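Chemist: Handing you this structure, nothing more for now.
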Amino acid sequence: MYGVYFCNKFGCSIWLHKECTEAPLEINHPSHPQHPLMLNNYDDSSDQCVLCRGHLPPLRYTCFTCKITVDIACGMNPWPQVIEHPLCHSHPLIVNGYEVSASCGVCKESNYGLFYLCIECNVYFHVECVRFSQEVNHPCHSNHPLKLIAFDALTDDAEKTCILCANYPRNVCYHCFICDFTSCLRCTRRPPPLVVEDMKTHQHQLIRISKRILYACDVCGLKRDTKYYHGSYICHQCDFVVHGMCIGLPRVISINRHDHRISFTYHIGPDYSKCGVCHRSISQHHGAYSCFVCPNYAVHSRCAIERDVWDGVELEGIPYVIEDVTPYKVVSDGLISHVSHVEHPLKLHKGNILYEWIRCEACRDPVGFDSVFVCEKCCFLLHQKCANLPMKKKFIVDTELYKLEVDKLRVASYCSECATLSDGFKYSSHDENRKVDVRCFSLSEPFVHAGHSHLLYFRKAYYRRSICDACMKMSNSRFTLDCEDCRFNLCFFCATLPLRTWHRTDEHPLILCCDKKAGGQSWCDICERQLNPMLWFYTCSSCEVAIHAECVIGDISRINPGSTIEFGGPELGWRNKIFEVVPNNQSTRPLCTKCRSRCKFSIFLKEKNKASRYFCSSNCVYFYFN
1 MYGVYFCNKF
11 GCSIWLHKEC
21 TEAPLEINHP
31 SHPQHPLMLN
41 NYDDSSDQCV
51 LCRGHLPPLR
61 YTCFTCKITV
71 DIACGMNPWP
81 QVIEHPLCHS
91 HPLIVNGYEV
101 SASCGVCKES
111 NYGLFYLCIE
121 CNVYFHVECV
131 RFSQEVNHPC
141 HSNHPLKLIA
151 FDALTDDAEK
161 TCILCANYPR
171 NVCYHCFICD
181 FTSCLRCTRR
191 PPPLVVEDMK
201 THQHQLIRIS
211 KRILYACDVC
221 GLKRDTKYYH
231 GSYICHQCDF
241 VVHGMCIGLP
251 RVISINRHDH
261 RISFTYHIGP
271 DYSKCGVCHR
281 SISQHHGAYS
291 CFVCPNYAVH
301 SRCAIERDVW
311 DGVELEGIPY
321 VIEDVTPYKV
331 VSDGLISHVS
341 HVEHPLKLHK
351 GNILYEWIRC
361 EACRDPVGFD
371 SVFVCEKCCF
381 LLHQKCANLP
391 MKKKFIVDTE
401 LYKLEVDKLR
411 VASYCSECAT
421 LSDGFKYSSH
431 DENRKVDVRC
441 FSLSEPFVHA
451 GHSHLLYFRK
461 AYYRRSICDA
471 CMKMSNSRFT
481 LDCEDCRFNL
491 CFFCATLPLR
501 TWHRTDEHPL
511 ILCCDKKAGG
521 QSWCDICERQ
531 LNPMLWFYTC
541 SSCEVAIHAE
551 CVIGDISRIN
561 PGSTIEFGGP
571 ELGWRNKIFE
581 VVPNNQSTRP
591 LCTKCRSRCK
601 FSIFLKEKNK
611 ASRYFCSSNC
621 VYFYFN
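Sequential numbering from 1 applies to the sequence shown in full-length UniProt numbering.
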């Protein structure tokens with residue numbers, strides 16, 4: 001596919017040719033004259049086109065009355081009702097129905113969908129098979145004609161995959177016994193272009209190579225058998241060789257792993273060592289993307305255009321405008337007016353100012369160790385780092401631009417990455433389907449954590465393994481923080497655990513213990529269950545106490561006491577219920593209505609208008625009413 005449009009929204013896999021984007025919304029098709037067919041977007045992997053029997057992409061034409069669906073190609077280019085001189089047969093063929101028990105005269109598969117019939121011979125053909133003759137002259141193999149044979153007839157030493165697309169043919173294929181050249185039916189009917197002219201890629205014409213050769217692509221630098229890269233193209237004049245899928249790469253792009261634009265260059269030079277995405281070495285003799293602002297920053301060509309890295313927008317020729325995303329205005333030295341609290345200015349307090357029982361309005365962590373901005377007229381505090389959070393930013397594991405939410409209503413919601421409930425500041429996607437709390441959103445790479453001696457980088461959760469080494473649980477996120485030097489994996493929840501925090505059970509700050517060598521058997525001082533020293537936990541060196549990390553940082557501990565939360569809805573099967581967030585500061589902790597254990601977190605949930613219905617976590621709420 002050259003010159004295509006694709007949707008860069010996460011989870012959407014739509015790719016369209018230009019002519020397909022201009023397809024009419026309604027057509028009258030000769031195979032179904034009763035009703036018009038409407039263009040719609042519906043993804044069902046089991047659906048097949050009733051005409052060509054091919055897999056239906058999400059964009060297709062459908063008659064909603066008769067439940068007949070065809071793909072765009074068959075809809076925009078109707079098959080003729082009568083074929084006087086078919087390639088596959090010596091007699092005229094006519095369209096005849098949607099189902100028959102006989103097998104196709106070409107591919108030998110059973111007939112379902114639209115088919116053609118020879119009345120004289122009583123032979124049936126699929127609509128896509130009538131275009132295939134017993135022998136063809138293929139443009140990608142001009143030396144000899146290709147013969148249509150059964151796939152099972154290929155000898156053991158013959159090429160079993162299609163030379164052009166690397167897929168295994170179904171039932172029949174076209175084959176040259178002299179050159180051992182195999183082509184599937186699809187690539188025989190729709191061969192790739194022999195010549196490509198793309199000035200972005202090369203100044204001369206590129207000629208297709210129909211042999212499988214081992215070489216290093218001059219654009220991406222990868223040295224792979226071309227069967228995995230859908231063919232190769234070469235400029236004999238310059239000895240320039242390129243994978244088919246590397247033709248037409250954008251010149252200037254913006255990726256989520258870097259703050260500046262990056263530009264493509266054919267010779268990256270010797271000053272770059274590792275890719276900014278995969279962190280493997282970069283060859284100076286091949287193409288890559290580099291940043292003009294940041295020295296020594298470069299990205300492999302293929303890594304830069306991954307769909308979870310690049311947003312699909314070509315920025316060449318578009319002026320670079322630096323947008324002001326600062327969330328505050330400076331009033332005077334050490335005094336700011338923040339968008340989340342415009343009523344009064346916030347004053348900077350540096351040093352170890354103890355506000356251990358007050359939480360930051362943005363991240364909801366205790367503000368007892370870092371510099372903070374404080375409103376001296378009301379109880380409003382922000383960590384200095386939280387006050388500097390930009391209003392707009394790309395998430396490092398998503399290509400979409402996220403916006404900072406500082407709504408004073410503070411509706412509690414789950415973080416899409418760590419699954420923690422919070423009513424602090426959040427970053428939300430354009431359609432607000434994904435909300436990420438500021439702690440997860442602020443993670444960057446390389447990530448340095450006191451619990452591990454090596455640098456950590458973002459990896460897809462299925463890249464190596466998705467079990468977190470800190471909590472031994474499956475990651476909730478699509479990504480984890482991974483160590484390239486050893487088999488260490490960290491989920492978003494554990495990566496954002498504060499190194500020091502407070503809890504009502506101890507007057508001293510609790511320290512996160514990440515040392516798995518700390519042997520011995522101990523018990524959690526909150527839940528009184530056994531504590532596994534191989535997992536991360538909190539400890540107080542002064543009091544010699546040990547506490548589970550989840551007992552200190554629970555799934556509701558980042559909600560402000562005094563607020564209300566609404567649970568439920570049609571998707572859960574029960575009506576909305578409102579809960580009050582109550583501080584757990586009584587001498588006797590209440591019993592959870594669901595798990596019947598003492599509420600262990602610094603706050604608990606009390607159902608409104610219910611005298612004694614308490615819950616220690618949102619999980620207990622969910623399972624109690626379901």
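Heads up, the beta-carbon is just placed ideally off N, CA and C, and yes, glycines get one too. Keep in mind that this is a model prediction, so the values were computed, not measured.
Under 8 Å Cβ to Cβ from N296, same chain only, skipping five residues before and after it: list those, please.
Modeler: Closer than 8 Å at the Cβ level, and outside the excluded window around N296, lie D271, Y272, S273.
Chemist: Output needed for G221: all residues of its chain with C-beta closer than 8 Å, excluding positions within five of it in sequence on either side, in chain order.
Modeler: For G221, where only same-chain residues beyond five positions count, the Cβ hits under 8 Å are I282, S283, H285, H286, G287, A288, H300, S301.
Chemist: Kindly indicate which three-state DSSP category C415 falls into: helix, strand or coil?
Modeler: Correct three-state label for C415: coil.
Chemist: What residues in its chain sit with their C-beta under 6 Å from that of Y266, if we drop five residues either side in the sequence?
Modeler: Answer for Y266: G287, listed in chain order.
Chemist: Curious, which full-length beta strand (DSSP E) runs of at least 3 residues does the stretch 64 to 100 contain?
Modeler: Taking only runs of at least 3 residues, the beta strand (DSSP E) segments lying wholly in the stretch 64 to 100 are 68 to 71, 93 to 95.
Chemist: Between which residues of its own chain and S416 is the CB-CB distance below 7 Å, once the five residues before and five after are set aside?
Modeler: Same-chain partners within the cutoff: R434, K435, V436.
Chemist: Throw me the rounded Cβ distance for the C440 and C468 pair, which I believe falls under 8 Å.
Modeler: Contact flag wrong, Cβ pair sits at about 14 Å.
Chemist: Sort R189, S475, S290, C540 by Cα distance to H138 and report the nearest one.
Modeler: Measuring from the Cα of H138, the nearest candidate turns out to be R189.
Chemist: Within the same chain, show all residues whose beta-carbon is closer than 7 Å to that of G276, passing over the 5 residues directly before and after it, in chain order.
Modeler: Closer than 7 Å at Cβ, skipping near neighbours: R257, H258, Y297, A298, V299.
Chemist: Given this structure, state the Cα-to-Cα distance separating S617 from E566, to the nearest angstrom.
Modeler: Roughly 13 Å separates the two Cα atoms.
Chemist: Roughly how many whole angstroms lie between the Cα atoms of S612 and H341?
Modeler: Each residue's alpha carbon lies about 36 Å from the other.
Chemist: Let me confirm a value: P345 is counted as buried when at least 16 other C-beta atoms fall within 10 Å, else exposed. Which label applies?
Modeler: The residue in question, P345, is buried, as its Cβ has 16 or more Cβ neighbours within 10 Å.
Chemist: Going along the chain, which unbroken runs of the alpha helix (DSSP H) with 4 or more residues stay wholly within the stretch 518 to 602?
Modeler: Listed in chain order, the complete alpha helix (DSSP H) runs (minimum 4 residues) inside the stretch 518 to 602 are 549 to 552.
Chemist: Output the boundary residues of the beta strand (DSSP E) element that contains Y457.
Modeler: 456 to 460 is the extent of the beta strand (DSSP E) around Y457.
Chemist: From which residue to which residue does the beta strand (DSSP E) around A216 run?
Modeler: Counting along the chain, the beta strand (DSSP E) containing A216 begins and ends at 214 to 216.
Chemist: Compare the beta carbon distance of C524 and G451 with 9 Å and say whether it is the shorter of the two.
Modeler: No; because the gap between Cβ atoms is not below 9 Å, this pair is not in contact.
Chemist: Return the residue from the list T399, P390, H349 that minimises the CA-CA distance to L381.
Modeler: For L381, the nearest C-alpha among the options comes from H349.
Chemist: Check K606 in the structure and name its three-state DSSP category.
Modeler: Three-state DSSP puts K606 in a strand.
Chemist: Quick one: any contact between the stretch 313 to 326 and the stretch 238 to 253, if contact means 3 or more CB pairs under 8 Å?
Modeler: In short, these stretches touch, since the Cβ pair count reaches three.
Chemist: Should the stretch 549 to 565 be regarded as contacting the stretch 488 to 504, the criterion being three or more beta carbon pairs within less than 8 Å?
Modeler: Touching, yes, given that three or more Cβ pairs across the two stretches are closer than 8 Å.
Chemist: Please specify which runs of the beta strand (DSSP E), each continuous and at least 3 residues long, are wholly inside the stretch 488 to 522, giving them in chain order.
Modeler: Those beta strand (DSSP E) runs which fall completely within the stretch 488 to 522 and span 3+ residues are 500 to 503, 506 to 513.
Chemist: Identify the residues that DSSP records as bridge partners of P30: which are they?
Modeler: Partner(s): none; P30 has no beta bridge.
Chemist: Can at least three beta-carbon pairs, one atom from the stretch 54 to 67 and one from the stretch 80 to 87, be found at a separation below 8 Å?
Modeler: Judged by Cβ distances under 8 Å, the stretch 54 to 67 makes no contact with the stretch 80 to 87, as fewer than three pairs qualify.
Chemist: Below 7 Å CB to CB, which residues in the same chain sit around S133 once its five sequence neighbours on both sides are set aside?
Modeler: L87, C88.
Chemist: Might you give, ordered along the chain, the residues of its own chain that have their beta carbon closer than 8 Å to the beta carbon of E323, omitting 5 neighbours on each side?
Modeler: The residues are K392.
Chemist: Output needed for V172: all residues of its chain with C-beta closer than 8 Å, excluding positions within five of it in sequence on either side, in chain order.
Modeler: The answer, listed in chain order, is V106, C107, K108, L148, I149, A150, F151, L185.
Chemist: Tell me the rounded alpha-carbon separation between P191 and H17.
Modeler: Distance between the alpha carbons of P191 and H17: 16 Å.
Chemist: For the beta strand (DSSP E) containing S183, list its first residue and its last residue.
Modeler: Here the beta strand (DSSP E) through S183 covers 181 to 183.
Chemist: For E400 and Y427, what's the separation of their Cα atoms in angstroms?
Modeler: Roughly 11 Å between the two C-alpha positions.
Chemist: I'd like to confirm the pairing. Which residues does DSSP put opposite F380 in its beta bridges?
Modeler: F380 pairs with C375.
Chemist: Which value, in whole angstroms, describes the spacing of the CA atoms of V123 and C104?
Modeler: Each residue's alpha carbon lies about 8 Å from the other.
Chemist: Using only the alpha-carbon positions, how far apart do K608 and P583 sit?
Modeler: If I take the Cα positions, the gap works out to 15 Å.
Chemist: So, with DSSP's three-state summary, where would you put K392?
Modeler: Looking at K392 - three-state DSSP - the assignment turns out to be strand.
Chemist: Going residue by residue through the stretch 167 to 209, where are the continuous beta strand (DSSP E) segments of at least 3 residues, counting only ones entirely within it?
Modeler: For the stretch 167 to 209, whole beta strand (DSSP E) runs of length 3 or above, ordered along the chain, are 172 to 176, 181 to 183, 206 to 209.
Chemist: Quick one: grab the DSSP three-state call for K385.
Modeler: Looking at K385 - three-state DSSP - the assignment turns out to be helix.
Chemist: Residue 666 to H338, Cα distance in whole Å?
Modeler: In the structure displayed, the chain extends from 1 to 626; residue 666 sits before or after that span and is not available.
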